[in-house]
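A.B. asks: The following block contains the structure, expressed as structure tokens.
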Amino acid sequence: MNASKTIEIGVFTGYSLLTTALVLPENGKITAIDIDRATFDNIGLPFIKEAGGEEGNYDFAFVDADKLNNAHYHECLMKLLRVGGLIAYDNTLWFGLVAEPVTILEHREKPHQEFIDRVTRHNVEFNKFLASDR
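Per the working numbering: the sequence shown = residues 152 to 285.
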């Protein structure tokens, strides 16, 4: 792909950001966006120092943020990516649950099950959205 400018939404500790940075060329640039900078500052920032960006100029985007807003991130990123750029979304397969019938999900009993079911249903719809996006 020869990406040289990337953007990441949802950084947390910066692990995936660092992984991306390691494969960029020496003049590569990364823009990092996260709702909570403290974790990134305390853990990831010592390893990652530069960021930059312009509209329509990114080669690659990685989204690992609030899953319920993926469609919004997608619309914004489509403006930022160059033609032929790539967007990767974390957890779109959601532990394989997106392939299960929704009725099966309703009968599980686990901690945080309501959240898991809500994100699963959202990811099923988001995957349909991505499949139909031209």
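Backbone N, C-alpha and C define an ideal beta-carbon position, used for all residues, glycine too.
If we ignore side chains and look at the alpha-carbon of each, how far apart do K218 and K180 end up?
C.D. replies: Between K218 and K180, the C-alpha separation is close to 25 angstroms.
A.B. asks: Which of helix, strand or coil does DSSP assign to V214?
C.D. replies: V214 falls in the strand class under three-state DSSP.
A.B. asks: From L169 to I158, what does the alpha carbon distance come to, in whole angstroms?
C.D. replies: Those two C-alpha atoms are separated by around 12 angstroms.
A.B. asks: From this set, N220, H263 and A172, which residue's C-alpha is nearest D241's C-alpha?
C.D. replies: Of N220, H263 and A172, the residue nearest in Cα terms is N220.
A.B. asks: Just reading off the beta strand (DSSP E) that V162 is part of, what are its end residues?
C.D. replies: That residue, V162, is in no beta strand (DSSP E); it is neither H nor E in DSSP.
A.B. asks: According to DSSP, simplified to helix, strand and coil, what is A154?
C.D. replies: Correct three-state label for A154: coil.
A.B. asks: How many Å lie between T243 and V270 at the Cα?
C.D. replies: Near 10 angstroms, if we compare the C-alpha coordinates of V270 and T243.
A.B. asks: Does the Cβ-Cβ distance between F211 and L237 come in under 8 angstroms?
C.D. replies: Cβ atoms of F211 and L237: closer than 8 angstroms.
A.B. asks: Could you tell me which residues DSSP pairs with I238 in its beta bridges?
C.D. replies: Answer is A212, bridged to I238.
A.B. asks: Exposed or buried, V234, counting other C-beta atoms within 10 Å across all chains shown (16 or more means buried)?
C.D. replies: Exposed: under 16 other Cβ atoms inside 10 Å.
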